[in-house]
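Colleague: To start, I am sharing the structure in question, which I have written as C-alpha cells.
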C-alpha cells in the first residue's frame, strides 16, 4: 500500500494529466484511430524539441526557454534553402547543416549571457527569446530584400521582406517518407510496432547482456518490448483493427532518428562532459573547486540544447509542410517546457522518459481540448483558452512548487546547522 | 567639457542612445514633412496614457520583488472594473469613477493574494510572476466568454456568448480626462485633465514613498536580512508592494482605455506588461533602486520614441510593421540589459 502511494505521489502530475486527457478523449467524441494518427504526427514534430531541454536542466540552468533561438535558427536554415531552391531531402539536410551552425553561434552567445545572470537563467533565457524574435523579424522583414537585394519567390510582392507563410514543397515529408528501394518508410501502425519492438528488444538485450544493467526496470522494459513484436503481428491480421491499420501511418525514418537522439543523449550523460554537467548542476562551487570550468560547461550545455532545438524545428516543419515565418517559433519554448513538466520533470531533474511521456500527454491534450470544449460548452474557443490556461498554469504551478520546496529544504538545513 | 562628461555619465548609456535616437527620428520627421505639432501632441497623450502603468512597477521594485512581470493580473482587474462600470450604464465622470474604484478595490485584493504567493517563491518572482500573469489572463478569457453581462455595448453584436474582443468607450467616458480643460498652444494640444490626474497619482506615490511606510518598504527591499533583524516585517512589506503595484496596474488600464477609446480584452493584456517595464528601466531604475522620476522620464522618452517612430517608419516602408519590431527589440533589450547589470550569483 505504501509503495503504491509512493508511486502515485512521485508521478502525480503525469497521472493527473493522463486523467484529464482521458476525459478529453471521451468528450471529444472522436474515434481513437483519428486521434492516434494525429498524435503520431504531433509526436514526430515535437519530440526532439522537448528532448533539447534535458541537458540545461542537468547542468543546473533550469528550463531553457531560449530554445526559441534554436527554433529560429532552424527557420533560418529552411528560409535559406528555400531561397536557393534546393529540393527534397538534400534541402532538409542542407537546412540542418546551416541551422546547426547558426544555432551553435546563438547558443554560444546565449550561454555567455546566462553566465552573467546566474540564478536568473530561466527569466533571462525567456527575455532573450523575445529579444531575438525582434532581431529575427527585423532581418527577415526588412533586411532581406531591403538591404540585401535578391530575387526569389518567397519575397513579398514589394521585394522587401519574406512572406508570412512559406510552402515547403518537395521538402515536406522528405524525412518522414524516405524511399528505400522503391518502398516508402511510412508504414502502417502494426508493421511499425513489430519493427520498433524488435529494435527496443535488441537495445535492451544489449543493455542487459553487454552493459550488465540488470536492475528490475531493465528486465521489465525488455519484456515489454519483446511483447510488442507478437502484438504487432497479431494486430495486423485482426479485422477489428482494420481502421487502425488504414489510418495510423508511422514515419519510421523520423522515429528512428528520434530513437537515435534519445540513445545519444543517454550516452552523452555518461561521457566526461556529461558527468561534468551533472557535477555543475549539482553544485557549482564544488564543481569549480574540483577543477571543472563551470562557465565553459554551462555554455556547452546551452549550445547543444540550441542545436538540438534547431534540428527539431526543421523536423517539425518537414512534417507540417508550411512554415509560419514570423510566429512559428514564438511559443516553442513555452509549449516544450509545459510538455516536459507535464511528463513529470522539474527544474532540477529531467529524463528522456519524462520528455517522451510529456510530449505525448501534452499534444494529446492539445488535440482533443477544442473538440471536447465544443461538445461540452458548444464553443471551441473555450477549448483553445482552456489549453493555454493549462499550458501556462502548469508552468506557473510547477515553478512555484519547486521554488517553495527548495526554500523549505534550505530552511530545514539551516535549522539543523 | 568636464561638465558635459559628468552630465553624460549621470544620464547613462541607455538614455543617451534613446535620446540620440529620438533626435534622429524628429529630424527625419521634419525632413519628411510630417505634421510636427501633431506628433508632439500624440506623444504627450501617449505619455500620460502609459505613465500610471509604468508607475505600477515602482512599489514592486521598492519592496524588493523586482520588476512586476505579473502586471497583467492588475490589468485584468482593471478591465473587470471597466466592464462593470459599462454594464451599469454609468457615463462620464460617474462611469470612470466607478471603473477606477472597482479596479482599485479588486486590484488591491488580488494583489494581496499575489503578494502572498510571491513571498513563497523569493528569488524567482519575475519568471513566476510572468507565468502567473499569463495563466490569469487565459483564465479570464474563459470568464469573458461566460460572463453574465447584458449591456449590448459589451456583448457580441450578433447575439453570441460573452464579451466582445474590444469594447468601445464612445458615449461612456472616452477621452474624459484627456479633454478636461485641454487647450492648444501653437497647434500642440495639451491634455490638461490627463496630466493633472496622472501627475496627481505620481505626487501621491511620491508622498507615500517618503512616508514611514514607504521608507520601511524601501528598507525591506534593500536588504531583507538586515531589515528583519531590525524588526521590519519583510513579508508584509512585500505584500503591500505587490498589492499597490497590482492596484496601480488596474487603475492604469482604466486611464489607458479612456485615452485610447477602447478596452481590449481576451489575450491583449499578455503583451502589455513589457512596455511599462522597459519604460521604467529606461528612466534609470534598476532591479533595486527606483523613484517617481524614473517612471516619468522613462515613460516620456520611451513613448515619445514609439509614437514618433511609427509615422516615420511607415513613410520609409509602407508595408511591414517596422516600429512594432522596433518596440520588441528596444523593450526586451532594455530588460536584458537590466538583468545583466543586476549581476548573477557567484
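Protein chains in written order, with my numbering: chain G, 2 to 418; chain H, 1273 to 1618. Think of the CB as a built atom: it goes at the ideal place given N, C-alpha and C, for glycine as much as any other residue. Note that this is a predicted model, so its numbers are computed, not measured.
Pick from 1322(H), 1501(H), 1419(H): whose alpha carbon is nearest that of residue 1528(H)?
Modeller: Counting from 1 along the second chain, the entry for residue 1528(H) is found at position 256. With distances taken between Cα atoms, residue 1528(H) lies closest to 1322(H).
Colleague: Cβ closer than 7 Å: which chain H residues qualify as neighbours of residue 132(G)?
Modeller: Position 131 of the first chain holds residue 132(G). Correct list: 1601, 1604, 1605, 1608.
Colleague: Below 8 Å, can you find three or more Cβ-Cβ pairs linking the segment 398-407 of chain G to the segment 1392-1404 of chain H?
Modeller: At 8 Å Cβ cutoff, the stretches touch.
Colleague: Residues of the segment 1489-1505 of chain H in Cβ contact with chain G at a cutoff of 7 Å, in chain order, please.
Modeller: Per Cβ criterion, the list is empty.
Colleague: Would you mind sorting residue 122(G) into buried or exposed? The rule is 16 or more other CB atoms within 10 Å of its CB.
Modeller: Locating residue 122(G) in the first chain gives position 121, counting from the first residue. By the neighbour-count rule (16 or more Cβ atoms within 10 Å), residue 122(G) is buried.
Colleague: Shorter than 7 Å from the beta carbon of residue 375(G) to some beta carbon of chain H?
Modeller: Reading the first chain from its first residue, position 374 is the one you call residue 375(G). Cβ-Cβ to chain H under 7 Å: no for residue 375(G).
Colleague: DSSP on residue 167(G), reduced to helix/strand/coil?
Modeller: Mapped onto the first chain, residue 167(G) falls at position 166. Residue 167(G) falls in the strand class under three-state DSSP.
Colleague: Can you tell me the Cα-Cα spacing of residue 195(G) and residue 239(G), whole angstroms?
Modeller: Position 194 of the first chain, counted from the start, is the residue given in the question as residue 195(G). Position 238 of the first chain, counted from the start, is the residue given in the question as residue 239(G). Going from the Cα of residue 195(G) to the Cα of residue 239(G) covers about 15 Å.
Colleague: Count the other C-beta atoms from every protein chain shown that fall within 10 angstroms of the C-beta of residue 277(G), then say buried if there are 16 or more, exposed otherwise.
Modeller: Reading the first chain from its first residue, position 276 is the one you call residue 277(G). Residue 277(G) is buried by the Cβ-count criterion.
Colleague: For residue 1324(H), which option in 1401(H), 1549(H), 1306(H) has the closest C-alpha, if you only look at C-alpha atoms?
Modeller: Locating residue 1324(H) in the second chain gives position 52, counting from the first residue. If we check each option's Cα against that of residue 1324(H), 1549(H) comes out closest.
Colleague: Starting from residue 1509(H), find everything on chain G with Cβ-Cβ shorter than 7 Å and list it in chain order.
Modeller: Taking the second chain and counting its residues from 1, one reaches residue 1509(H) at position 237. Near residue 1509(H) there are no residues of chain G at all, since even the closest Cβ is about 18 Å away, more than 7 Å.
Colleague: Apart from the five residues just before and just after residue 38(G), which ones in its own chain have a Cβ nearer than 6 Å to its Cβ?
Modeller: For the purposes of this step, residue 38(G) is taken as the residue at position 37 of the first chain. Taken in chain order, the residues that qualify are 248, 249.
Colleague: Taking 7 Å as the cut-off, decide whether the C-beta atoms of residue 360(G) and residue 44(G) are in contact.
Modeller: To locate residue 360(G), count along the first chain from 1; it is residue 359. To locate residue 44(G), count along the first chain from 1; it is residue 43. Against a cut-off of 7 Å, the Cβ pair of residue 44(G) and residue 360(G) comes out as a contact.
Colleague: Would a check of beta-carbon distances place residue 139(G) closer than 7 Å to chain H?
Modeller: Translated into positions along the first chain, residue 139(G) becomes position 138. Output row for residue 139(G): interface = yes.
Colleague: Should residue 291(G) be labelled buried (16 or more other beta-carbon atoms within 10 Å of its own) or exposed?
Modeller: In the first chain, residue 291(G) corresponds to position 290, counting from 1. By the neighbour-count rule (16 or more Cβ atoms within 10 Å), residue 291(G) is not buried but exposed.
Colleague: What would DSSP say about residue 1496(H), mapped onto helix, strand or coil?
Modeller: As a first step, residue 1496(H) is located in the second chain; it is residue number 224 there, counting from the start. The answer is helix: DSSP assigns residue 1496(H) an H, G or I state.
Colleague: Say whether chain G places a C-beta atom closer than 7 Å to the C-beta of residue 1407(H).
Modeller: Counting from one through the second chain, the residue named residue 1407(H) turns up at place 135. Closer than 7 Å to some Cβ of chain G, the Cβ of residue 1407(H) qualifies, so yes.
Colleague: How about residue 310(G) and residue 124(G): do their beta carbons lie closer than 7 Å?
Modeller: As a working note, residue 310(G) is residue 309 in the first chain. As a working note, residue 124(G) is residue 123 in the first chain. No, they are not a contact pair.
Colleague: Candidates 21(G), 280(G), 225(G): which alpha carbon is nearest residue 204(G)'s?
Modeller: Here residue 204(G) refers to the residue found at position 203 of the first chain. It is 225(G) whose Cα lies nearest to the Cα of residue 204(G).
Colleague: So, are the CB atoms of residue 1344(H) and residue 1434(H) less than 7 Å apart?
Modeller: Position 72 of the second chain, counted from the first residue, corresponds to residue 1344(H). Position 162 of the second chain, counted from the first residue, corresponds to residue 1434(H). Result no, Cβ atoms of residue 1344(H) and residue 1434(H) do not sit closer than 7 Å.
Colleague: Below 7 Å between beta carbons: does that hold for residue 160(G) and residue 146(G)?
Modeller: Here the question's residue 160(G) lines up with position 159 in the first chain. Here the question's residue 146(G) lines up with position 145 in the first chain. Yes; because the gap between Cβ atoms is below 7 Å, this pair is in contact.
Colleague: Kindly list the residues whose CB is nearer than 6 Å to the CB of residue 56(G), restricted to its own chain and excluding five residues on each side of it in sequence; keep chain order.
Modeller: Working through the first chain from its first residue, we reach residue 56(G) at position 55. Taken in chain order, the residues that qualify are 302, 305, 306.
Colleague: State the CB to CB distance for the pair residue 344(G) and residue 15(G), rounded to an integer number of angstroms; the pair is presumed to be in contact (CB under 8 Å).
Modeller: Working through the first chain from its first residue, we reach residue 344(G) at position 343. Working through the first chain from its first residue, we reach residue 15(G) at position 14. Confirmed, Cβ separation roughly 6 Å.
Colleague: From 1300(H), 1465(H), 1336(H), pick the residue whose C-alpha is nearest to that of residue 1587(H); which is it?
Modeller: Your numbering for residue 1587(H) matches position 315 in the second chain. Answer by Cα proximity: 1300(H).
Colleague: Look up residue 349(G) in the DSSP assignment and say whether it is helix, strand or coil.
Modeller: Counted from its first residue, the first chain places residue 349(G) at position 348. Coil, per DSSP.
Colleague: Quick one, which residues of the segment 1386-1406 of chain H are near chain G if we go by CB-CB under 8 Å, in chain order?
Modeller: Within the segment 1386-1406 of chain H, the qualifying residues are 1389, 1392, 1393, 1394, 1395, 1396, 1398, 1399, 1400, 1402, 1403, 1404, 1406.
Colleague: Is the CB of residue 404(G) under 7 Å away from at least one CB in chain H?
Modeller: Position 403 of the first chain, counted from the first residue, corresponds to residue 404(G). Closer than 7 Å: yes.
Colleague: According to DSSP, is residue 325(G) helix, strand or coil?
Modeller: The residue you call residue 325(G) lines up with position 324 of the first chain. Here residue 325(G) sits in strand by DSSP.
Colleague: Would a C-beta distance cut-off of 7 Å place residue 386(G) and residue 1413(H) closer than the cut-off?
Modeller: Position 385 of the first chain, counting from 1, holds the residue named residue 386(G). Position 141 of the second chain, counting from 1, holds the residue named residue 1413(H). Closer than 7 Å, so yes.
Colleague: So that I know if they touch, is there some Cβ in chain H lying closer than 7 Å to that of residue 397(G)?
Modeller: The residue you call residue 397(G) lines up with position 396 of the first chain. Yes, its Cβ sits closer than 7 Å to a Cβ of chain H.
Colleague: Rounded to the nearest angstrom, what separates residue 1552(H) and residue 265(G) at their Cα positions?
Modeller: Within the second chain, numbered from 1, the residue matching residue 1552(H) stands at position 280. Within the first chain, numbered from 1, the residue matching residue 265(G) stands at position 264. Computed Cα separation, rounded: 46 Å.
Colleague: Quick one: Cα of residue 1626(H) to Cα of residue 1464(H), how far?
Modeller: Nothing can be reported for residue 1626(H): it is not among the residues displayed for chain H, which extend from 1273 to 1618.
Colleague: Assuming residue 374(G) and residue 380(G) are in contact, meaning their beta carbons sit under 8 Å apart, how far apart are those beta carbons, in whole angstroms?
Modeller: Counting from one through the first chain, the residue named residue 374(G) turns up at place 373. Counting from one through the first chain, the residue named residue 380(G) turns up at place 379. Residue 374(G) to residue 380(G), Cβ: 7 Å. Contact.
Colleague: Beta-carbon within less than 8 Å of residue 1297(H)'s beta-carbon, same chain only, minus the 5 sequence neighbours each way: which residues are those?
Modeller: Working through the second chain from its first residue, we reach residue 1297(H) at position 25. Excluding residues within five positions, the ones whose Cβ falls inside 8 Å are 1577, 1580, 1581, 1584.
Colleague: Any contact of the segment 1281-1288 of chain H with the segment 1436-1450 of chain H, i.e. 3+ C-beta pairs under 8 Å?
Modeller: They do not touch, by the three-pair rule.
Colleague: Tell me, please, which residues DSSP counts as bridged to residue 113(G).
Modeller: Reading the first chain from its first residue, position 112 is the one you call residue 113(G). Its beta-bridge partners do not exist; DSSP assigns none.
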